[in-house]
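Visitor:
Numbering (UniProt numbering), first residue to last: 1 to 104.
1. Give me, in chain order, the residues of the same chain whose beta-carbon lies closer than 7 angstroms to that of residue 26; leave out the 5 immediate sequence neighbours on both sides.
2. Scan the UniProt domain "RNase H type-1" (3-84) and note each continuous alpha helix (DSSP H) run of 4 residues or more that stays entirely inside, going in chain order.
3. What does a CB cutoff of less than 7 angstroms around residue 80 pick up in its chain, not counting 5 residues either side in sequence?
4. Distance check for residue 32 and residue 4, CA to CA, integer angstroms please.
5. Can you grab the Cα-Cα spacing for the pair residue 12 / residue 61, in whole Å?
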(Lines of atoms letter the chains of each structure in order from A and count residues from 1; the text may use other names and numbers.)
(Lines give C-alpha, C1' and ligand atoms only; values in the text may rest on other atoms or scores of the structure.)
Protein backbone atom coordinates (compact mmCIF):
# COMPACT_ATOMS: atom_id res chain seq x y z
CA UNK A 1 0.00 0.00 0.00
CA UNK A 2 1.20 3.50 -0.80
CA UNK A 3 0.95 6.54 1.41
CA UNK A 4 -1.84 9.09 1.42
CA UNK A 5 -0.71 12.26 -0.36
CA UNK A 6 -3.85 14.33 -0.89
CA UNK A 7 -7.34 14.62 0.55
CA UNK A 8 -10.15 16.54 -1.14
CA UNK A 9 -13.85 17.10 -0.58
CA UNK A 10 -16.58 18.01 -3.04
CA UNK A 11 -20.33 18.09 -2.63
CA UNK A 12 -22.23 16.12 -5.28
CA UNK A 13 -25.82 15.34 -6.07
CA UNK A 14 -25.84 11.55 -5.89
CA UNK A 15 -29.03 9.55 -6.07
CA UNK A 16 -27.42 6.32 -4.86
CA UNK A 17 -24.32 5.11 -3.02
CA UNK A 18 -22.95 3.70 -6.29
CA UNK A 19 -23.16 7.09 -7.97
CA UNK A 20 -21.54 8.76 -4.94
CA UNK A 21 -18.66 6.26 -5.09
CA UNK A 22 -18.23 6.80 -8.84
CA UNK A 23 -18.27 10.60 -8.42
CA UNK A 24 -15.67 10.32 -5.64
CA UNK A 25 -13.34 8.18 -7.75
CA UNK A 26 -13.72 10.51 -10.74
CA UNK A 27 -13.09 13.61 -8.63
CA UNK A 28 -10.04 12.00 -7.03
CA UNK A 29 -8.59 11.29 -10.47
CA UNK A 30 -9.26 14.86 -11.59
CA UNK A 31 -7.50 16.24 -8.50
CA UNK A 32 -4.51 13.93 -9.02
CA UNK A 33 -4.26 15.01 -12.67
CA UNK A 34 -4.39 18.72 -11.72
CA UNK A 35 -1.64 18.17 -9.15
CA UNK A 36 0.56 16.57 -11.79
CA UNK A 37 0.73 12.99 -10.52
CA UNK A 38 1.68 10.49 -13.20
CA UNK A 39 1.21 7.25 -11.26
CA UNK A 40 -1.77 6.54 -9.02
CA UNK A 41 -3.86 3.75 -7.56
CA UNK A 42 -7.55 4.11 -6.75
CA UNK A 43 -8.83 2.00 -3.89
CA UNK A 44 -12.55 1.67 -3.33
CA UNK A 45 -14.99 -0.59 -1.52
CA UNK A 46 -17.40 -0.35 -4.49
CA UNK A 47 -16.80 -3.34 -6.76
CA UNK A 48 -18.68 -1.81 -9.69
CA UNK A 49 -16.49 1.33 -9.65
CA UNK A 50 -13.28 -0.71 -9.55
CA UNK A 51 -14.53 -2.93 -12.36
CA UNK A 52 -15.50 0.11 -14.45
CA UNK A 53 -11.92 1.43 -14.22
CA UNK A 54 -10.61 -1.84 -15.64
CA UNK A 55 -12.96 -2.40 -18.58
CA UNK A 56 -15.63 -0.63 -20.56
CA UNK A 57 -19.10 -0.84 -19.03
CA UNK A 58 -21.58 0.16 -21.68
CA UNK A 59 -24.96 1.45 -20.72
CA UNK A 60 -27.29 4.42 -20.79
CA UNK A 61 -27.77 4.91 -17.05
CA UNK A 62 -26.26 8.10 -15.56
CA UNK A 63 -23.63 6.08 -13.69
CA UNK A 64 -22.21 4.86 -17.02
CA UNK A 65 -21.45 8.46 -17.97
CA UNK A 66 -19.40 8.77 -14.78
CA UNK A 67 -17.67 5.47 -15.56
CA UNK A 68 -16.78 6.89 -19.00
CA UNK A 69 -15.30 9.99 -17.32
CA UNK A 70 -13.28 7.81 -14.95
CA UNK A 71 -11.80 5.86 -17.84
CA UNK A 72 -11.11 9.04 -19.85
CA UNK A 73 -9.24 10.68 -16.96
CA UNK A 74 -7.36 7.47 -16.12
CA UNK A 75 -5.67 7.58 -19.55
CA UNK A 76 -3.90 10.79 -18.44
CA UNK A 77 -1.66 8.80 -16.10
CA UNK A 78 1.47 6.89 -17.03
CA UNK A 79 0.59 4.25 -14.46
CA UNK A 80 -2.94 3.71 -13.24
CA UNK A 81 -4.34 0.85 -11.21
CA UNK A 82 -7.41 0.20 -9.14
CA UNK A 83 -8.30 -2.38 -6.56
CA UNK A 84 -11.23 -3.44 -4.49
CA UNK A 85 -10.56 -2.88 -0.82
CA UNK A 86 -13.08 -3.92 1.79
CA UNK A 87 -12.92 -1.12 4.33
CA UNK A 88 -14.43 -0.79 7.75
CA UNK A 89 -15.70 2.70 7.02
CA UNK A 90 -18.80 2.86 4.85
CA UNK A 91 -17.78 5.64 2.46
CA UNK A 92 -13.99 5.47 2.33
CA UNK A 93 -12.02 5.93 -0.81
CA UNK A 94 -8.35 6.71 -1.10
CA UNK A 95 -6.05 7.86 -3.87
CA UNK A 96 -2.48 6.80 -3.17
CA UNK A 97 0.90 6.79 -4.85
CA UNK A 98 2.24 3.22 -4.64
CA UNK A 99 5.52 2.89 -2.75
CA UNK A 100 7.23 1.24 -5.69
CA UNK A 101 6.29 4.00 -8.17
CA UNK A 102 7.86 7.40 -8.36
CA UNK A 103 6.13 10.50 -9.66
CA UNK A 104 8.45 11.16 -12.59
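We put the CB at the ideal spot given by N, CA and C, even for glycine.
Guide: If we stick to the structure as given:
1. 66, 69, 70 and 73
2. 17-34, 47-54 and 62-74
3. 40 and 74
4. 12 angstroms
5. 17 angstroms
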